[in-house]
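Undergrad: Take this structure first; my questions come after.
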Amino acid sequence: MKNYTDITNRANELRWEIGESFHDSIIESIYSEAAAISSNTVKTSKNKDSYSFDAKIDKILTSKALGFPIMFVLLALVFWVTIVGSNYPSSLIAELLLDNVHPWLKQISSDIGLSYFVDGILIDGAYLAMAWVVAVMLPPMAIFFPIFTLLEDFGYLPRVSFNMDFLFRKAGAHGKQALTMAMGFGCNAAGVVAARVIDSPRERLLAIITNNFSLCNGRWPTQILIATIFIGSVVPVHFAGLATAAAVVAVALLGIILSLVVSWTLSKSILKGEASAFSLELPPYRPPRILQTLYTSLIDRTLFVLWRAIVFALPAGIVIWLVANINIQGISLAEYFIDWANPLGLLIGLNGVILLAYIIAIPANEIVIPTVLMLTVMTARLSGIGEGAGVMFELDSIKDTTTILQAGGWTTLTGINLMLFSLLHNPCSTTIYTIYKETKSVKWTAVATFLPLIMGFTVCFIVAHLYRLIS
2 MKNYTDITNR
12 ANELRWEIGE
22 SFHDSIIESI
32 YSEAAAISSN
42 TVKTSKNKDS
52 YSFDAKIDKI
62 LTSKALGFPI
72 MFVLLALVFW
82 VTIVGSNYPS
92 SLIAELLLDN
102 VHPWLKQISS
112 DIGLSYFVDG
122 ILIDGAYLAM
132 AWVVAVMLPP
142 MAIFFPIFTL
152 LEDFGYLPRV
162 SFNMDFLFRK
172 AGAHGKQALT
182 MAMGFGCNAA
192 GVVAARVIDS
202 PRERLLAIIT
212 NNFSLCNGRW
222 PTQILIATIF
232 IGSVVPVHFA
242 GLATAAAVVA
252 VALLGIILSL
262 VVSWTLSKSI
272 LKGEASAFSL
282 ELPPYRPPRI
292 LQTLYTSLID
302 RTLFVLWRAI
312 VFALPAGIVI
322 WLVANINIQG
332 ISLAEYFIDW
342 ANPLGLLIGL
352 NGVILLAYII
362 AIPANEIVIP
372 TVLMLTVMTA
382 RLSGIGEGAG
392 VMFELDSIKD
402 TTTILQAGGW
412 TTLTGINLML
422 FSLLHNPCST
432 TIYTIYKETK
442 SVKWTAVATF
452 LPLIMGFTVC
462 FIVAHLYRLI
472 S
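Below is the structure:
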């Protein structure tokens, strides 16, 4: 008993002497001792070169001086390739589905005598929403996911989590929250489920609440398209892709920063507690398997997400057409809501169309852009666009889209704040349901749902007033 008491007292003394890095010091000493025993007893001549190669790369990718700059450059490069590479195929798909297939469907509808109501719901509503989802989302996802999967297969993403571990521990969260954050960049619902790897209930709750600050699949197209229109268009053509990529990276980094800030705030207030120890074993680097990567990224990710977006886009397109074409005293339901919401929207640098689009798009973030574009044309009643209310316009070029949005009252401020609001708004319905299933709490589900929404309104309000003050 005396020896046990002496050991306990000595452990407490060391804890006070070492401070916050007490747990890390213990883990490091265990691994150092294990490495010393291994070096004396195990022969590794066969794999010595591979271990040496991994160690040399890790000294660069996980170093304090180069780890974060390399991470930012790689992220920017991925976005640049995605943005530049997706422009042409997006135009081709839009031309096929909107310029060719849509008129053909309208002609068939006219030939068989479909009523205006059925024609509008099926073709000008459901079909056009689906067509816009495919045209806007498919090319960037088909480029982004394979590159992201290559980095994952190579073994780089665990190094990102390793680099982020220090920051999350400083924020009072668990180091594994960096892993759940990385999962959230694919899908927030998947990131919420991934929080199961965190043993501490308090730290797991922090990871769940803040996962919405990771830009998911459904929000990347919004960021890329709006940045291309409102950021890339204000710089010389040669720098447009770089400026667009930088803007998207900046929003993604803002999400990471806000995740840390919110984690720190909650850990110091309603979720007080000490961050637990975390040891992460970095997997060895391995050459990516190209065919498996293409299958995983294109079939399991791109087509899965695209199909989910289409499933939600079809009924959303019907709703959009209905609210734009059902009139009360000669004014559509959409115009009633937009007129009512415009003062609030303009106050925070947005507009009523965007607010209505985000309400309609609660089932899935993927349909925000198609909804915004359809509502803009349906309610603005711009001359020379489409065939009247309820008909989507054809996207011939980024310049044409910019002209139409500007004619609908959009400004650079609208574009910037839409990018911010895309980052900071309520989770989609799937994520909300997943949060409830994981927490079994209406209270924490409500916090995770409305906290980012409140932050979104606040941030957009501040940015709008600062922008108007200096412009």
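FYI, my numbering numbers position 135 of the sequence shown as 136, with every residue one higher than the one before it.
Note that beta-carbon positions come from the ideal geometry of N, C-alpha and C, so glycine has one too.
Using a 10 Å radius around the Cβ and a threshold of 16 neighbouring Cβ atoms, would you call T181 buried or exposed?
TA: So T181 counts as buried.
Undergrad: Let me check understanding here. Comparing Cα to Cα, which of R197, G256 and A179 lies closest to L168?
TA: Among R197, G256 and A179, the Cα nearest to that of L168 belongs to A179.
Undergrad: Please classify S260: does DSSP put it in a helix, a strand, or coil?
TA: Here S260 sits in helix by DSSP.
Undergrad: By DSSP, does S333 sit in helix, in strand, or in coil?
TA: It is a strand residue.
Undergrad: Sorted by chain position, which residues of the same chain lie with C-beta nearer than 7 Å to T477's C-beta, five sequence neighbours on each side aside?
TA: No answer is possible for residue 477: it lies beyond the span of the chain, which begins at 2 and ends at 472.
Undergrad: From this set, A247, T294, L283 and S201, which residue's C-alpha is nearest I144's C-alpha?
TA: Ranking A247, T294, L283 and S201 by Cα distance to I144 puts T294 first.
Undergrad: Going by the CB atoms, is the gap between G126 and G318 shorter than 8 Å?
TA: For G318 and G126, yes; Cβs fall inside 8 Å.
Undergrad: Using beta-carbon positions only, say whether C461 and I349 come within less than 8 Å of one another.
TA: Yes, Cβ-Cβ distance for C461 and I349 is below 8 Å.
Undergrad: Does N213 come out as helix, strand or coil in the three-state DSSP assignment?
TA: Here N213 sits in helix by DSSP.
Undergrad: Helix, strand or coil for N164, going by three-state DSSP, please let me know.
TA: Looking at N164 - three-state DSSP - the assignment turns out to be helix.
Undergrad: Say whether the region 197-216 touches the region 235-245, bearing in mind that this needs 3 or more beta-carbon pairs closer than 8 Å, one atom from each stretch.
TA: Too few Cβ pairs lie closer than 8 Å, so no.
Undergrad: What residue from N328, Q330 and L356 has the CA that sits closest to W341's CA?
TA: Comparing Cα positions, the closest option is L356.
Undergrad: Got a sec? Which residues, its chain only, sit under 7 Å from K269 by beta carbon, not counting five neighbours each side?
TA: Closer than 7 Å at the Cβ level, and outside the excluded window around K269, lie G173.
Undergrad: Is the Cβ-Cβ distance between V448 and I210 less than 8 Å?
TA: Yes, Cβ-Cβ distance for V448 and I210 is below 8 Å.
Undergrad: Going by Cα to Cα distance, which pick from L470, F458 and L75 is closest to L345?
TA: Closest by alpha carbon: F458.
Undergrad: In this structure, how does DSSP classify N101 when only helix, strand and coil are distinguished?
TA: Helix.
Undergrad: Pick out whichever of G156, S87 and D112 has its Cα sitting closest to the Cα of P140.
TA: Among G156, S87 and D112, the Cα nearest to that of P140 belongs to S87.
Undergrad: Looking at C-alpha atoms only, which residue of I463, V443, I94 and I321 is the closest neighbour of I360?
TA: Residue I321 is the option with its Cα nearest to I360.
Undergrad: Nearest by alpha-carbon distance to V134: which of R160, L123 and S91 is it?
TA: Considering only alpha carbons, the answer is S91.
Undergrad: Please state whether DSSP places N328 in a helix, a strand or coil.
TA: Of the three classes helix, strand and coil, the one that applies to N328 here is strand, per DSSP.
Undergrad: To the nearest angstrom, how far is it from the Cα of G391 to the Cα of N164?
TA: Note that G391 scores a pLDDT of 41, beneath 50, so its modelled location is shaky; the value from the coordinates is reported in the next line. One C-alpha to the other measures close to 50 Å.
Undergrad: Taking DSSP as the reference, what is the three-state secondary structure of D120?
TA: The answer is helix: DSSP assigns D120 an H, G or I state.
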